[in-house]
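Top line first, the protein sequences correspond to chains A and B. Start counting the first sequence at 1; every next residue gets the next number (the UniProt record's numbering). Start counting the second sequence at 1; every next residue gets the next number (the UniProt record's numbering).
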Amino acid sequence: HPTRSRPPSTDADPRRWHSRLSAILPSLATGCHPVRPRRQIRAATPTRPRSSSRASADLRGRRPSLAMINFVLLISRQGKVRLTKWYSPYTQKERTKVIRELSGLILTRGPKLCNFVEWRGYKVVYRRYASLYFCMCIDADDNELEVLEIIHHFVEILDRYFGSVCELDLIFNFHKAYYVLDEILISGELQESSKKNVARLIAAQDSLVEAAKEEAGSISNIIAQATK
Amino acid sequence: RRRDSPPPPPQDSVERIVEDAAMDLSLNPFSSGTRLRDMIRAIRASKTAAEERAVVRRECAAIRAAISDNDQDYRHRNMAKLMFIHMLGYPTHFGQMECLKLIAASGFPEKRIGYLGLTLLLDERQEVLMLVTNSLKQDLNHSNQFIVGLALCALGNICSAEMARDLAPEVERLLQTRDPNTKKKAALCSIRIVRKVPDLAENFMGSAASLLKEKHHGVLISVVQLCTELCKASREALEYLRKHSVEGLVRILRDVSNSSYAPEYDIAGITDPFLHIRVLRLMRTLGQGDADCSEHVNDILAQVATKTESNKNAGNAILYECVETIMGIEATSGLRVLAINILGRFLSNRDNNIRYVALNMLMKAMAVDTLAVQRHRVTILECVKDADVSIRKRALELVYLLVNDTNVKPLTKELVDYLEVSDDDFKEDLTAKICSIVEKFSQDKLWYLDQMFKVLTLTGNFVKDDVWHALIVLISNAPELQGYSVRSLYKALQASGTQESLVRVAVWCIGEYGEMLVNNISMLDVEEPITGNRI
Numbered sequence: 001h002p003t004r005s006r007p008p009s010t011d012a013d014p015r016r017w018h019s020r021l022s023a024i025l026p027s028l029a030t031g032c033h034p035v036r037p038r039r040q041i042r043a044a045t046p047t048r049p050r051s052s053s054r055a056s057a058d059l060r061g062r063r064p065s066l067a068m069i070n071f072v073l074l075i076s077r078q079g080k081v082r083l084t085k086w087y088s089p090y091t092q093k094e095r096t097k098v099i100r101e102l103s104g105l106i107l108t109r110g111p112k113l114c115n116f117v118e119w120r121g122y123k124v125v126y127r128r129y130a131s132l133y134f135c136m137c138i139d140a141d142d143n144e145l146e147v148l149e150i151i152h153h154f155v156e157i158l159d160r161y162f163g164s165v166c167e168l169d170l171i172f173n174f175h176k177a178y179y180v181l182d183e184i185l186i187s188g189e190l191q192e193s194s195k196k197n198v199a200r201l202i203a204a205q206d207s208l209v210e211a212a213k214e215e216a217g218s219i220s221n222i223i224a225q226a227t228k
Numbered sequence: 001r002r003r004d005s006p007p008p009p010p011q012d013s014v015e016r017i018v019e020d021a022a023m024d025l026s027l028n029p030f031s032s033g034t035r036l037r038d039m040i041r042a043i044r045a046s047k048t049a050a051e052e053r054a055v056v057r058r059e060c061a062a063i064r065a066a067i068s069d070n071d072q073d074y075r076h077r078n079m080a081k082l083m084f085i086h087m088l089g090y091p092t093h094f095g096q097m098e099c100l101k102l103i104a105a106s107g108f109p110e111k112r113i114g115y116l117g118l119t120l121l122l123d124e125r126q127e128v129l130m131l132v133t134n135s136l137k138q139d140l141n142h143s144n145q146f147i148v149g150l151a152l153c154a155l156g157n158i159c160s161a162e163m164a165r166d167l168a169p170e171v172e173r174l175l176q177t178r179d180p181n182t183k184k185k186a187a188l189c190s191i192r193i194v195r196k197v198p199d200l201a202e203n204f205m206g207s208a209a210s211l212l213k214e215k216h217h218g219v220l221i222s223v224v225q226l227c228t229e230l231c232k233a234s235r236e237a238l239e240y241l242r243k244h245s246v247e248g249l250v251r252i253l254r255d256v257s258n259s260s261y262a263p264e265y266d267i268a269g270i271t272d273p274f275l276h277i278r279v280l281r282l283m284r285t286l287g288q289g290d291a292d293c294s295e296h297v298n299d300i301l302a303q304v305a306t307k308t309e310s311n312k313n314a315g316n317a318i319l320y321e322c323v324e325t326i327m328g329i330e331a332t333s334g335l336r337v338l339a340i341n342i343l344g345r346f347l348s349n350r351d352n353n354i355r356y357v358a359l360n361m362l363m364k365a366m367a368v369d370t371l372a373v374q375r376h377r378v379t380i381l382e383c384v385k386d387a388d389v390s391i392r393k394r395a396l397e398l399v400y401l402l403v404n405d406t407n408v409k410p411l412t413k414e415l416v417d418y419l420e421v422s423d424d425d426f427k428e429d430l431t432a433k434i435c436s437i438v439e440k441f442s443q444d445k446l447w448y449l450d451q452m453f454k455v456l457t458l459t460g461n462f463v464k465d466d467v468w469h470a471l472i473v474l475i476s477n478a479p480e481l482q483g484y485s486v487r488s489l490y491k492a493l494q495a496s497g498t499q500e501s502l503v504r505v506a507v508w509c510i511g512e513y514g515e516m517l518v519n520n521i522s523m524l525d526v527e528e529p530i531t532g533n534r535i
């Protein structure tokens, strides 16, 4: 479609996007900051004693500890990714590399071994539920037994939400699985220890969405009737 | 249908789904193609990577077209598709602006999927993220608490230092709101803000301390975590919290530890283990290096350490954290003994996880009470022979730290005996550790030589070059042991000549001290003579 102007397919020039967007949506343009060079974001985070001890551990060599849980990974027995959530900064390339490495490490572990793997100076806590491996990466001095409980907490809530959850549920309703995860963890920290509360909050938000759908449906009904 | 046209493709194949979609499109010009479910089915039905790429390409083209046409009806579905495609590993940069548009829309459903798209498709390094700041500010002030929640969650997961600085005042304000759901999210969001901009820690310390009086568990666990973070970020916050929150923390832990059965928070018979653990962690941060604070928490720590059931993982997780805290603060000796005893029990637990954790903790405990750890030497040695490689590695490191003048000989004997039967992938680590131990305690030269000869015989191929070089240096500087060396090495070579380093060392010795070998010169008491016909 040569006549259509498309947004650039790489993020090489965000400035073009910025001006194009502010033409479409004036509300976004007000109060916006001009695009700043990347280096400022790094400079604003001074290194603290806790992070400097982990210098050699990271993929790039320097990664300040930003969360108890650095990332969550759900992989199937065949190595297919079902869910990933990153609470520390990893670029796309790094993410792919991490997933490949951890899949190799975890999927080959025997069933009787302990649920912790040491990887690049971090610990990865994992547990297998049916055909899925639930993995959470934590720092070397975090409480891995607790993270096992957090994984179980997550699984039980998913089970309650989907009604006997299976892998297919998480494939076809992956966005809902993410909504559930967002009610359990924020910034890699636990948010709610009551399964009942999490279920209640998700249900309330789901019904908001349902109500909006119905409303939209009924309006188009009215229009359809009116224009018949 | 004509005889020479191809048969219709099977129901679930890629071609069939694409055909259906094409039909759909031609009939309904406003339809933007397949439903999410159908796209996922088509991708799963792809038998080759090329097929999958074709499906993804087609979908991306449709989505791009819909985006540039500013299609309203299928934005939601397109964003979901984009996220799925992204999870497969394909580039989805063209969809980033859609996230912003969805977030800026007025309805909850649009914002919900827009914010999700934001946290999945972007990371904090991308400049596009800055454009969301204004939307976030508006949503943080929204009247619908769920929308406020969406904004807090997104900010907490993905904000950069600049966004953190900009929006900190909004988040601070939200800490005071009535709704507990919003409060807990605000507390966690504050954690991220403080991690990104530690200077802001002092702004949060007052609210954080006063929020410790809350009853809602979700708020409590978030606020306790926030306090821990504040202490790490700022000396002033640490002092403030030491002064104002210790009593409150002791009360929280006592209440939850003594509480009767609460079905909502119960895990394996314990009420809210997560709250237990977080409070214990904060107590560690506050009590570290502070005798006053440590004294205040002494009793409750003893109560938790003795009262908590350790037959399920939840209880053990609490005990583990409790032991870490006891080791980290200025604890009484009675409390420390309690802690090491818990670790001793962990060491003999059948559960691999518990043993692994115990070994880890014992390494840290070495700094605090070496003697107590020594008492568990035998069990630790057993762990070196464990079936689980993670446990073996930890145990070996711990054994290495435990070696001293009195126990080095029996310990080394155990390790060398195990060397014979250990797995190949463990042999390298084990060999390196044994060589290192033996070299450290090599004042007893005869013993050193014996151990080195044994190791060379069993796993000489794993012995590093500088190690057997050092061995040769020692032999050449010890004239009284040269005869013994050459004879022992000769015997070893006869028994097994497969290890290259052994062969090298033996051949060198025979070359240097051959006449001692042939003539049994300078024999030691422990030796038997080598008879002539053997040579």
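Just so you know, even glycine gets a beta-carbon here, dropped at the ideal spot from N, CA and C. Keep in mind that this is a model prediction, so the values were computed, not measured.
**Item:** chain A contact residues for GLY156(B), given Cβ-Cβ distances below 8 Å
**Value:** ILE186 and SER187
**Request:** Specify whether the stretch 227 to 239 of chain B and the stretch 260 to 274 of chain B touch according to this definition: at least 3 beta carbon pairs, one from each stretch, less than 8 Å apart.
**Result:** no
**chain B within 8 Å of PRO111(A), Cβ atoms only** = Chain B contact via Cβ: absent.
**Prompt:** Within the 8 Å Cβ cut-off, does VAL357(B) reach chain A?
**Reply:** yes
**Min CB distance ILE171(A) to chain B below 8 Å** = yes
**Request:** Return the bridge partner residues of LEU73(A) from the DSSP annotation.
**Result:** Looking at the DSSP output, LEU73(A) shares a beta bridge with THR84(A) and CYS135(A).
**Message:** Suppose you measure from the CA of ALA314(B) to the CA of ILE267(B); what does that come to, to the nearest Å?
**Reply:** 7 Å
**Message:** Which complete alpha helix (DSSP H) runs does the UniProt domain "AP complex mu/sigma subunit" (68 to 207) of chain A hold, if anything under 4 residues is left out?
**Reply:** 92 to 107, 144 to 162, 167 to 172 and 174 to 184
**Message:** Do ARG355(B) and LEU347(B) count as a contact pair if the criterion is CB distance below 8 Å?
**Reply:** yes
**Message:** Assuming the contact rule is C-beta atoms closer than 8 Å, PHE108(B) and VAL209(A) should be a hit. Round their C-beta distance to whole Å, please.
**Reply:** 7 Å between Cβ atoms; contact.
**Item:** In chain order, each alpha helix (DSSP H) run of at least 4 residues that lies wholly inside the stretch 176 to 200 of chain B
**Value:** 180 to 196
**Prompt:** What's the gap between the Cα of ARG100(A) and the Cα of TYR90(A)?
**Reply:** 14 Å
**Message:** Residues of chain B with CB closer than 7 Å to the CB of SER194(A), please, in chain order.
**Reply:** HIS217, GLY218, GLU264 and TYR265
**Request:** Could you tell me whether the Cβ atoms of ARG487(B) and GLU527(B) are closer together than 8 Å?
**Result:** yes
**Message:** Please identify the residue among SER207(B), ASP73(B) and ARG35(B) whose C-alpha is closest to the C-alpha of SER220(A).
**Reply:** SER220(A) has its Cα closest to that of ASP73(B), out of SER207(B), ASP73(B) and ARG35(B).
**Item:** Within chain B, partners of VAL124(A) - CB distance below 8 Å
**Value:** The premise fails here: VAL124(A) is roughly 11 Å from chain B at the closest Cβ pair, so nothing lies under 8 Å.
**For THR92(B), three-class secondary structure by DSSP** = coil
**Request:** Express the C-alpha separation of ARG254(B) and LEU280(B) in angstroms, rounding to a whole number.
**Result:** 11 Å
**Prompt:** Quick check: the stretch 326 to 342 of chain B against the stretch 148 to 168 of chain A, are there 3 or more CB pairs under 8 Å?
**Reply:** no
**Message:** Give me, in chain order, the residues of the same chain whose beta-carbon lies closer than 8 Å to that of LEU131(B); leave out the 5 immediate sequence neighbours on both sides.
**Reply:** LEU100
**Asked** Is the Cβ-Cβ distance between GLU183(A) and ILE171(A) less than 8 Å?
**Response** no
**Asked** Any C-beta of chain A sitting closer than 8 Å to the C-beta of TYR320(B)?
**Response** Yes, contact with chain A.
**Request:** Kindly indicate if chain B contains any beta-carbon less than 8 Å away from that of ASP139(A).
**Result:** Under the Cβ distance rule, ASP139(A) does not count among the residues neighbouring chain B, no pair being separated by less than 8 Å.
**Request:** Please check if any C-beta of chain B sits within less than 8 Å of the C-beta of VAL155(A).
**Result:** no
**Prompt:** Who are THR271(B)'s beta bridge partners in DSSP?
**Reply:** In the DSSP assignment, THR271(B) forms a beta bridge with ASP266(B).
**Request:** Identify, in the order they occur along the chain, each residue of the same chain with its Cβ nearer than 6 Å to the Cβ of LYS196(B), setting aside the five sequence neighbours on each side.
**Result:** When the five nearest sequence neighbours on each side are left out, the beta carbons in the same chain lying within less than 6 Å of the beta carbon of LYS196(B) are those of ALA161 and ALA164, in order along the chain.
**Request:** Please confirm if ARG392(B) has its CB atom under 8 Å from at least one CB of chain A.
**Result:** no
**Message:** If I follow the unbroken alpha helix (DSSP H) through GLU247(B), where does it start and stop?
**Reply:** From DSSP, the alpha helix (DSSP H) with GLU247(B) extends over 235 to 258.
**CA nearest to the CA of LEU120(B), picked from TYR129(A), GLY110(A) and VAL72(A)** = VAL72(A)
**Prompt:** Is there a Cβ from chain A that is less than 8 Å from the Cβ of PRO29(B)?
**Reply:** In this prediction, PRO29(B) scores a pLDDT of 41, lower than 50, which makes its location untrustworthy; no coordinate-derived value is stated.
**Prompt:** Helix, strand or coil for PHE84(B) per DSSP?
**Reply:** In the structure shown, PHE84(B) falls within a helical segment according to DSSP collapsed to helix, strand and coil.
**Asked** Of all Cβ atoms in chain A, is any one closer than 8 Å to the Cβ of ASP123(B)?
**Response** yes
**Prompt:** The alpha helix (DSSP H) with ARG41(B) in it runs from where to where?
**Reply:** 36 to 45
**Message:** Please report the straight-line C-alpha distance between residue 554(B) and VAL148(B), rounded to a whole angstrom.
**Reply:** The question about residue 554(B) has no answer here: the residues shown for chain B are numbered 1 through 535.
**Request:** Check the Cβ of LEU201(A) against every Cβ in chain B and list those closer than 7 Å, keeping chain order.
**Result:** Under the 7 Å cutoff, chain B gives ASN181.
**Message:** By the three-class DSSP mapping on this structure, what secondary structure does ASN477(B) have?
**Reply:** coil
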